[in-house]
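A.B. asks: A single structure is presented below for examination.
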Amino acid sequence: MLLSAFLDSELVARPFVCVLGYPVSHSRSPAIHNAALAYHGIHVQYYAVACPPEEFHLVPALFKMPEFKGANVTIPLKEKIVSLLDSLETDAKRIGAVNTVVPDGRDRRLKGYNTDVYGFMKPLEPFGEISAATILGTGGAARAAIAGLAESGCKKIHLVSRTSKKHEMAGIYPDIVRVITYDDLEQVLPGSQLLVNTTPVGMHPGRDSSPVGEELIPLLKRKICYDIIYNPPETKLVRQARREGAKVIGGLDMFLYQAARSFELWFGKTMPMDLVRDVVIKSLDEMNMTASG
Ligand code: NAP
């Protein structure tokens, strides 16, 4: 539903949370948050609300609604939303992007968080400290991955771009991050413990694509290979890496952990992870079948 229509509807008269973005209809966030809200018996509803550029001026009115309990923010608003907030927590400040808005205290001052950083790092915990990593892609998700890894003690990050022009990305952690191109991948992979894919290559419906050429897959042996794409939950890259004996992580964990952190910030409750994992897998299957059908 468009933001303007949402503001004019009855829905805002009852306690609500929403994800704001454009487009936003593909978002699986309503499915998992509504399942978690029902599980806890919390009488709040979570909606997907589309905010095209010409409706951005309506966002402050949304945040002032008496029944507004919080929001997720997604592409293309993660940076733009910062100008509407009263304060930012550390990760959001560090990378200049917000994915969770929390109305705080009695005066409901708006605080911005970036739970993608937590969501990205949480599945890496069982693997111990990462000292050197290679990240494919230079967008918003790469920023969250860089911040999480750098803050947890990673000393060297190779950031792989299709062009070598995006040196501003190296600016956020200049001592750690080096921007390279895909021509250099073969050279840096042996020295990295971790390879992360933050490009959209391999995402549904392009499931047969992988961002890493078949000839380089043997270099992933005994490495950690982390693909943050969650549709499909297991990408071609993950399958290739597993076949080669790599330890693999799919994007569903990051998606669920970033959501869990947002849920805790809004409601002070733990997200029922097994339940919401089943919900999101089922909802992805349904969405993909509808799209192909
Ligand atoms: P983004 O800002 O569009 O960045 C993606 C980056 O990948 C681009 O900056 C680009 O870097 C590179 N890229 C784009 N198209 C490519 C192509 N065809 N081939 C190779 N490289 C390409 O997107 P994002 O927000 O960072 O998200 C990236 C992916 O992560 C998406 O698939 C998204 O669904 C996923 N994601 C998952 C989670 C989760 O919770 N699991 C959270 C956030 C995002 P260069 O131009 O420098 O090559």
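Here the sequence shown is numbered in the numbering used here, starting from 1 and rising by one per residue. All C-beta atoms, glycine included, are put in the ideal place defined by N, C-alpha and C. Everything numeric in this text was worked out from a predicted model, so none of it was measured.
1) Near H33, which residues of its chain fall below 7 Å by C-beta distance, leaving aside the five closest residues on each side in sequence?
2) According to DSSP, is Y230 part of a helix, a strand, or is it coil?
3) For the alpha helix (DSSP H) containing I148, name the first residue and the last one.
4) According to DSSP, R239 sits in a beta bridge with which residue or residues?
5) When the Cβ atoms of the segment 240-251 are set against those of the segment 157-173, are three or more pairs found closer than 8 Å?
6) If you draw a straight line from the alpha carbon of E151 to that of Y230, how long is it in whole angstroms?
7) Using 10 angstroms around the beta-carbon of G105, count the other beta-carbons present and answer buried if the total reaches 16, otherwise exposed.
8) Would you say the beta carbon of T290 is closer than 7 Å to some non-hydrogen atom of ligand 1?
9) If R222 sits next to A241, beta carbons under 8 Å apart, how far is it from one beta carbon to the other, in whole angstroms?
10) Compute the Euclidean distance between the alpha carbons of I75 and V279, then round it to the nearest angstrom.
11) In its own chain, which residues sit with a C-beta less than 6 Å from the C-beta of V196, not counting the 5 before and 5 after it?
12) Would you mind listing the beta strand (DSSP E) stretches within the segment 177-207 that are 3+ residues and don't spill past its ends, in chain order?
13) P218 and E244: beta carbons closer than 8 Å?
14) Excluding the five sequence neighbours on either side, which residues of its own chain have a C-beta within less than 8 Å of the C-beta of A141, listed in chain order?
15) Please report the straight-line C-alpha distance between L62 and L265, rounded to a whole angstrom.
16) To the nearest angstrom, how far is it from the Cα of S25 to the Cα of K78?
17) Can you tell me whether S87 is buried or exposed, with buried defined as 16 or more other CB within 10 angstroms of its CB?
18) For P190, is the classification buried or exposed, using 16 other Cβ atoms within 10 angstroms of its Cβ as the cut-off for buried?
19) Is I228 near ligand 1, with its Cβ less than 7 Å from a heavy atom?
20) Thinking C-alpha only, which one of P232, E215 and M1 is nearest H204?
21) Report all residues from its chain with a CB closer than 7 Å to the CB of A92; omit the five preceding and five following residues, and keep chain order.
22) What does DSSP give as the partner residue(s) for K156 in the beta ladder?
23) Would you mind stating whether R143 and H158 have Cβ atoms separated by less than 8 Å?
24) My output table needs one value for V102: the three-state DSSP class, helix, strand or coil.
25) Does DSSP classify K111 as helix, strand or coil?
26) Excluding the five sequence neighbours on either side, which residues of its own chain have a C-beta within less than 6 Å of the C-beta of A50, listed in chain order?
27) Report the CB separation of I130 from L149 in whole angstroms; it is logged as a contact under 8 Å.
28) Distance, Cα to Cα, N288 vs D274?
29) Roughly how many angstroms separate the alpha carbons of F56 and D183, rounded to a whole number?
C.D. replies: Quick answer:
1) Looking up residue 33 in the sequence shown gives position 33. Closer than 7 Å at the Cβ level, and outside the excluded window around H33, lie V17, Y46, A259 and F263.
2) Mapped onto the sequence shown, residue 230 falls at position 230. Coil at Y230, not helix or strand.
3) Counted from its first residue, the sequence shown places residue 148 at position 148. First, the amino acid is wrong: residue 148 is Gly here, not Ile. Looking at the DSSP string, the run of the alpha helix (DSSP H) that includes G148 is G140 to E151.
4) In the sequence shown, residue 239 corresponds to position 239, counting from 1. For R239, which the question treats as bridged, DSSP gives no partner whatsoever.
5) no
6) As a working note, residue 151 is residue 151 in the sequence shown. As a working note, residue 230 is residue 230 in the sequence shown. Distance between the alpha carbons of E151 and Y230: 24 Å.
7) By 1-based counting over the sequence shown, the position of residue 105 is 105. So G105 counts as exposed.
8) Counting from 1 along the sequence shown, the entry for residue 290 is found at position 290. Because no heavy atom of ligand 1 lies under 7 Å away, the Cβ of T290 does not count as near it: no.
9) The residue you call residue 222 lines up with position 222 of the sequence shown. The residue you call residue 241 lines up with position 241 of the sequence shown. Between A241 and R222 the Cβ distance is about 10 Å, and since that is not below 8 Å, they are no contact.
10) As a first step, residue 75 must be located in the sequence shown, where it is residue number 75. As a first step, residue 279 must be located in the sequence shown, where it is residue number 279. Looking at the two C-alpha atoms, the distance is approximately 23 Å.
11) Residue numbering aside, residue 196 sits at position 196 when the sequence shown is read from its first letter. Cβ neighbours of V196 beyond the five flanking positions: I135, A145 and Y226.
12) 177-181 and 194-197
13) For the purposes of this step, residue 218 is taken as residue 218 along the sequence shown, with counting starting at 1. For the purposes of this step, residue 244 is taken as residue 244 along the sequence shown, with counting starting at 1. In contact: P218 and E244 (Cβ atoms closer than 8 Å).
14) For the purposes of this step, residue 141 is identified with residue 141 of the sequence shown, where counting begins at 1. Taken in chain order, the residues that qualify are D116, F120, T198 and I228.
15) For the purposes of this step, residue 62 is identified with residue 62 of the sequence shown, where counting begins at 1. For the purposes of this step, residue 265 is identified with residue 265 of the sequence shown, where counting begins at 1. Approximately 19 Å between the Cα atoms of the pair.
16) Locating residue 25 in the sequence shown gives position 25, counting from the first residue. Locating residue 78 in the sequence shown gives position 78, counting from the first residue. Their Cα atoms are separated by approximately 17 Å.
17) As a position in the sequence shown, residue 87 is number 87, starting the count at 1. That one is exposed.
18) Counted from its first residue, the sequence shown places residue 190 at position 190. P190 should be labelled exposed.
19) As a first step, residue 228 is located in the sequence shown; it is residue number 228 there, counting from the start. Yes.
20) What you label residue 204 is simply residue 204 of the sequence shown in a count that begins at 1. Looking at the Cα atoms, P232 is the closest of the given residues.
21) Reading the sequence shown from its first residue, position 92 is the one you call residue 92. So the list reads V98, G112, Y113 and N114, once near-sequence residues are dropped.
22) Here residue 156 refers to the residue found at position 156 when the sequence shown is read from its first residue. Answer by DSSP bridge pairing, in chain order: A132.
23) One-based indexing of the sequence shown puts residue 143 at position 143. One-based indexing of the sequence shown puts residue 158 at position 158. No, the pair does not count as a contact, with Cβ atoms beyond the cut-off.
24) Position 102 of the sequence shown, counted from the first residue, corresponds to residue 102. Note: V102 maps to strand in three-state DSSP.
25) Indexing the sequence shown from 1 puts residue 111 at position 111. Residue state, collapsed to three classes: strand.
26) Walking along the sequence shown from the start, residue 50 turns up at place 50. For A50, where only same-chain residues beyond five positions count, the Cβ hits under 6 Å are L2, Y22 and V24.
27) Along the sequence shown, one-based indexing puts residue 130 at 130. Along the sequence shown, one-based indexing puts residue 149 at 149. Rounded, the Cβ-Cβ distance is 6 Å, consistent with contact.
28) One-based indexing of the sequence shown puts residue 288 at position 288. One-based indexing of the sequence shown puts residue 274 at position 274. Approximately 21 Å between the Cα atoms of the pair.
29) Mapped onto the sequence shown, residue 56 falls at position 56. Mapped onto the sequence shown, residue 183 falls at position 183. If I take the Cα positions, the gap works out to 40 Å.
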